[in-house]
Structures are given as C-alpha cells and as structure tokens.
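Position in the sequence shown (from 1) plus 520 gives the number in the numbering used here.
No residue lacks a Cβ here, since even glycine has one placed at the ideal position from N, Cα and C.
Just so we're clear, the structure is a prediction, and the values are computed from it rather than from any experiment.
Structure record follows, encoded as structure tokens.
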Amino acid sequence: MTPTVPNRSGSACDPQNRQMVRAVVGQPAGTPAIVAFSRGRHRAERSLAAVARPALHSRPIIPVTDRGLPISGPEFGRENRRMSRWGTRRRRGLVTVGTLGAVGMLAVPLPVSAAPASCDQAERYAAQSGSQILRINSLGSAQAPPLHVGDARSALVAPGTVNSAAVARMLDVKESDTAAALTTPLQQQAPPTNAKPARRSTPSAEVGPVSLGDGKLSTQAQWQPGMACGATVGEVTQATARLREAGVLADGEAPLVHVPKVESGSSTELERDGDAATSVASAGLTGGGLELLGGAVKVRMLKPPSLRASMSTADGGEVRYIPAVVEVSGAGVETSRLDTAGDSVEITLAGKPSSQAADGASAPSPTLSPTPSATSEAATDETATGETAAGEAAAGAKRLPATGADTDHPSAPSVDGGGSTAKARLLGDLPAVGNLLGAGDNPPLPDVPDLPTVEEPATESAPTAGSDTVVHIELGDVRQASEGHAVAARAAALSVQITEGNDGTRTKPGYGGGRVLDFDMGVLEAAAVAPETAGAPRGGVSGGSGGGLPITGPTAGALTLTGLALVLAGAIAVAITRRSRPRT
521 MTPTVPNRSG SACDPQNRQM VRAVVGQPAG TPAIVAFSRG RHRAERSLAA
571 VARPALHSRP IIPVTDRGLP ISGPEFGREN RRMSRWGTRR RRGLVTVGTL
621 GAVGMLAVPL PVSAAPASCD QAERYAAQSG SQILRINSLG SAQAPPLHVG
671 DARSALVAPG TVNSAAVARM LDVKESDTAA ALTTPLQQQA PPTNAKPARR
721 STPSAEVGPV SLGDGKLSTQ AQWQPGMACG ATVGEVTQAT ARLREAGVLA
771 DGEAPLVHVP KVESGSSTEL ERDGDAATSV ASAGLTGGGL ELLGGAVKVR
821 MLKPPSLRAS MSTADGGEVR YIPAVVEVSG AGVETSRLDT AGDSVEITLA
871 GKPSSQAADG ASAPSPTLSP TPSATSEAAT DETATGETAA GEAAAGAKRL
921 PATGADTDHP SAPSVDGGGS TAKARLLGDL PAVGNLLGAG DNPPLPDVPD
971 LPTVEEPATE SAPTAGSDTV VHIELGDVRQ ASEGHAVAAR AAALSVQITE
1021 GNDGTRTKPG YGGGRVLDFD MGVLEAAAVA PETAGAPRGG VSGGSGGGLP
1071 ITGPTAGALT LTGLALVLAG AIAVAITRRS RPRT
C-alpha cells in the first residue's frame, strides 16, 4: 500500500519546500536524491516522520511515491484544490454556527427577574403568641401577682414601628441576688431582619421556693418589606425557653413539685391561601410531665398541648386548640387518663396532719385514696372578668383562698401508698411568693391593636373535710373571643391545686383549711388580626424611569453573562478556524 503524508505545516507541499520537491521529482527510480539545501532536508525529514503519526483530524490525503515524496502533475493540483474547498466550507460552517448561537442568545427572552415585593402602605396584619412553662398563682398565704417560669412570647405588627419582636425570659423576679441571665429578657427585633436567632444559656439556681435547672433561651425576629401588605409570606418570629428541670420546694428528698425536661414555644407567621394572606400565631409546650408530693402522684404527658389562632382576609378567623393527653398514676392510685379539655381527677391523701403529733399524739401515716372526677364544673365558674390575649397577667390573675403556715410544727407527714413512702411536705413553713415578684409585668413586645378581651375563669376553693389533703388535676379548656377581623384565645394546658383540710384543731387566724399550692403548667395564648380587605397594591419597587411600574426584564448580571458568552464563542471560533486553515 502506498504510504501517505498528511497535508500539514512542514510537509513536502509546503511553499518553503517547493525547491526541494522540484529537485527530487523527475529523477529516475533508484537514483539518490541530492538535496542541496539543509533547510529543505530538515523539513523533508519531518514530513517523512509525520507518516508514522496518527492523523488527528480527518483530512484529504496526498499520494506519494515509494520514497515518501508527493507526486507532481495534475493529480496533485486536483487534490490540493479539493482540500482547500473543504477547509473553506468548514470555516464558513463554524462561523455560521457561532453567529447563529450568539444571535439566538440575544433573541430568546431571558427569564424576568421579579423585583423585591413592596407595599404602598402597611395593612392591618398582626399576630401575638405566648407560652409559659409554669405559672404559680398562689403558694401558702401569699397574695401576689403570679410568678412566671420559662416565658416565651413573640409578636408581629405590620403597621408598627417595630414590625416583629421575640422575647424569652426564664424567671420574672426582681431580687437583687438573682442571676441576671435568669431575669433579663432575651429580645430580638426587626427590621432589620435577623438571619440567625439570639441565644443564651441560663444557670441552675434556687430562687425562693422555685428551683431551676440549666436552661436555654432562643429568640428570632424576621421581617421583609412585602410582609406589610401580605405580599410576602413566611415565618416572622420564634421564641423558646427550655429547662432541664424545674420544681417548687424541690430542695429536699421529697419535692412538692418536680418537672423534668420541658420547653415552651411561641411563633408568628404569615401564610398564603390563594390570593388571601393569613396572620397566624402559635403556642405550645413539650415535656414529659410532672411529679407531686415527692413522687406520690405522677402525671405523664402522652401528647403535648398546642394553641393556634389565625385570621384571613378572605375566610375570617379560626382557633385550633389541641389539649394535652396525660396519665395520672401513683402508688396506691388508680391510673387515670385525661384526654379531653375539662377532664379532671382528684386524689385524696387521708390522714391527720403532723401538727397533732407535736401535741403528744402519734401521727398515723396517711394513705392515698384516689377520687376521680369526670368534669371540672366544681372548679370552674364560667362568669369571670379576665384579661386580654396580649398576656396582661396582673389584671386578671386568680386570687385563691390561702392557708397559713404552721411555724410551730414545720415537719411534714409521710404518705404510705401501697407500701411505698414519700413525704407530703404540705404542712409547716411555706415561703411567701409575694416578696419575689414585682408588678407581674410581661416581657416587652410591640402593642397589638384591637385585640378582644379573653375572660379568665375564676376558681373557687371547695372546702376539704377533716384533715385530708386533696390534689386536683385538670386539663384546661380554651377560652376565646373575636371582634371584627381579630380573634384571641387562651388556655391553661394543665391546672393543679393542692388543698389542705381543717380538722378543727387549729384556732389561730389564718390557719383554717385552704389552698396550699395553685399552679398552671403550659399557659398558652394566641391572637391574630387581619385587614377587612386586602386592598393595598402589590408589585415591584418603583424607581428609575418606570413611573411607578414594576421593573422587569433582564438584569445587569444577565446582560454581563450574555456578553461574556459571546466573547468566548468568538474566541473559540477563531481558534478553530486558524488551526484548520490550509497553507498554500
């Protein structure tokens, strides 16, 4: 087979080698070719060496003699002309493809990039929620505003100066000896929006009768301009307060109340349902339950409670309350399950108080005898004056009958429940809560206008016969109110009252039977407001020569990328055509 030589720079058909070719062509076969020019000889050697290299591109080939030199004559001219025409057509094709691609990039419309949503004026969107781990209403003979533990609150107010805020505080006392990390609110406001939440760890401490384990506070407030009229939706605020444990008179072996790991949560957001925007407030509590009287009575939380209030510009308001599901048990106590709002159970601890034992008589160990109750009518009065859903606890707090403290006999009786023993710790000195509290104020939040008032139920203490001590546990029901396009709701997930009876032996004033401890676990509240109609125009930011219209079309970034793509396409086309150009 006759060897071939690719037509590339340095081959025998190169113009610089024509003199050498003319010297060789025409010599008889077998006659050695004498090349007088060293430059031509070197190029001839490179041309012959190219025969051994594989062709990188598909190109026309030129027949050569058995010595590897190209043939001359009309055949050579025809091959050269055919190769030139093929290279020209290839260059034209590449240029055409590159031009069409560049023109196509300009002709095809780029995606319209929406301008940031904005509003001509703020509309009446607002929401507020709050959750408290514990609210101690009374302890002993104290008459004071409630003590709040693990308080988390947040709010959004579209027409306000501060559009959103989230606040969390572990304890609302004003003692100078209390750690500032427990009593100082952790707050975050917007605008400007906050990409990350604010966080703070709180130390374990004992403040009066309240014991707190390690805790964490977290708050985050966000805000976008389009939220003022409902054009932009999403989560606005979030606040949480978490405790490893908490308790009341929990410094001994048999705490009066012990609460394991628990967390309160509050959030607000704007949601979209079709063309209508909805303001939403949510509150909840998560935890494992609680123990009373040194573990004599145990309350296990099977399902956490939650409260949600929403108001839509189109569909109106809605309150959704999911009550907690708890299981009440104990040594010698029949297990009871409470799963409906208003369900309650009473457990009687029968026996004489330890104060009689100090007079010389032996005090028998009281026994536990459960007395379940199917309803909560005895403990709830539906007619009451209350407080607003904004959480003004001091205005409508429960004022309950209180028992005095027997300072002469501070010891507590033991409770024998089916073979197990636990100290009841109901008698003796009970510290007053009042000296811990200020005005019962709530953490600072922007005011939510036009909220309806939610009545707080009044609780009356039923007299306890004899010397028995009664534990009353009840699932709270939701109470709500609405006015116009505003709705508010409140619920106490779990209410506990411990009442001591009077056997008639105590004659000192204030030492009659009454409420020893009254507290709520999981105090939830939520409120939402929306405008009557969504009338504010929604669109892009006005500016430039748009005359107030939305700015649409390709952005500067898109035009820059298009220009760079054109330059790159042109450079590639030039490089390819220069590489494939034949040299004549």
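Residue(s) in a DSSP beta bridge with residue i
{"i": "D793", "result": "A796"}
{"i": "I993", "result": "V865, V1016"}
{"i": "Q709", "result": "A685"}
{"i": "R999", "result": "R1010"}
{"i": "Q740", "result": "Q758"}
{"i": "Q652", "result": "D671, V1043"}
{"i": "D1038", "result": "S658, Q1017"}
{"i": "C749", "result": "C749 pairs with nothing; no bridge assigned."}
{"i": "E1052", "result": "According to DSSP, E1052 bridges with nothing at all."}
{"i": "H778", "result": "G767, E811"}
{"i": "K694", "result": "According to DSSP, which records beta bridges pairwise, K694 is partnered with nothing at all."}
{"i": "G837", "result": "M831"}
{"i": "A646", "result": "V677, V1049"}
{"i": "V845", "result": "K823"}
Buried versus exposed, by CB contacts within 10 Å (16 or more), residue i
{"i": "K818", "result": "buried"}
{"i": "P969", "result": "exposed"}
{"i": "G732", "result": "Looking at the sequence shown, residue 732 is not Gly but Leu. Buried: at least 16 other Cβ atoms inside 10 Å."}
{"i": "R689", "result": "buried"}
{"i": "R999", "result": "buried"}
{"i": "E789", "result": "buried"}
{"i": "V853", "result": "buried"}
{"i": "V687", "result": "buried"}
{"i": "L1088", "result": "exposed"}
{"i": "A1091", "result": "exposed"}
{"i": "Q641", "result": "exposed"}
{"i": "L1084", "result": "exposed"}
{"i": "R644", "result": "buried"}
{"i": "T1019", "result": "buried"}
{"i": "G1080", "result": "This sequence places Thr at residue 1080; Gly is not what is there. T1080 comes out exposed."}
{"i": "E1003", "result": "exposed"}
{"i": "A844", "result": "buried"}
{"i": "G836", "result": "exposed"}
{"i": "R609", "result": "exposed"}
{"i": "L869", "result": "buried"}
{"i": "A1095", "result": "exposed"}
{"i": "G807", "result": "buried"}
{"i": "T855", "result": "exposed"}
Among the options, the one whose alpha carbon lies nearest that of residue i
{"i": "T860", "options": "V693, G650, L995, F1039", "result": "L995"}
{"i": "L1044", "options": "G1083, D863, S802, M831", "result": "S802"}
{"i": "A1011", "options": "V839, E789, S849, P775", "result": "V839"}
{"i": "F1039", "options": "R762, R673, L659", "result": "L659"}
{"i": "R762", "options": "R792, S849, L691", "result": "L691"}
{"i": "D671", "options": "D997, T1080, P964", "result": "P964"}
{"i": "A834", "options": "T1080, R609, T1053", "result": "T1053"}
{"i": "K736", "options": "L706, D640, D967", "result": "L706"}
{"i": "G728", "options": "A766, G1083, L810", "result": "A766"}
{"i": "L805", "options": "Q1017, I1018, V669, T855", "result": "V669"}
{"i": "S674", "options": "A1001, E755, V848, D997", "result": "E755"}
{"i": "I653", "options": "A1093, L1014, D793, L1081", "result": "L1014"}
{"i": "A796", "options": "S649, S830, L813", "result": "S830"}
{"i": "I842", "options": "G1042, S638, A741", "result": "G1042"}
{"i": "G850", "options": "L869, D863, S832, G815", "result": "G815"}
{"i": "G862", "options": "I993, R792, T855, L812", "result": "I993"}
{"i": "T989", "options": "D997, L858, A1008, L813", "result": "L813"}
{"i": "G1037", "options": "D734, P775, A1001, R792", "result": "At residue 1037 the sequence reads Leu, which differs from the Gly that was named. It is P775."}
{"i": "D967", "options": "E975, S651, V1049", "result": "V1049"}
{"i": "R792", "options": "S832, T757, S784, R764", "result": "S832"}
Whole-angstrom C-beta distance between residue j and residue i, which should lie under 8 angstroms
{"i": "H1005", "j": "P972", "result": "About 11 angstroms; that fails the 8 angstroms criterion."}
{"i": "S786", "j": "A759", "result": "5 angstroms"}
{"i": "G809", "j": "V753", "result": "Contact flag wrong, Cβ pair sits at about 36 angstroms."}
{"i": "V991", "j": "E866", "result": "7 angstroms"}
{"i": "A725", "j": "V677", "result": "So it is not a contact: roughly 34 angstroms between Cβ atoms."}
{"i": "L827", "j": "A1047", "result": "Not quite, the Cβ-Cβ distance comes to about 10 angstroms (not below 8 angstroms), so this is no contact."}
{"i": "P745", "j": "S638", "result": "5 angstroms"}
Cβ of residue i within 8 angstroms of any chain D Cβ
{"i": "V853", "result": "The structure shown contains no chain D; it is built from a single protein chain."}
Counting beta carbon pairs with one atom in the segment 711 to 730 and one in the segment 691 to 702, are three or more of them shorter than 8 angstroms? yes
Tell me whether the segment 704 to 717 and the segment 763 to 771 touch, counting them as touching only if at least three CB pairs, one residue from each stretch, are closer than 8 angstroms. no
Please confirm if the segment 821 to 837 is in contact with the segment 670 to 686, defined as three or more CB-CB distances below 8 angstroms between the two stretches. no
Do three or more CB pairs link the segment 779 to 786 to the segment 742 to 751 at distances below 8 angstroms? When Cβ pairs closer than 8 angstroms are counted between the two stretches, the segment 779 to 786 is seen not to touch the segment 742 to 751, the count staying below three.
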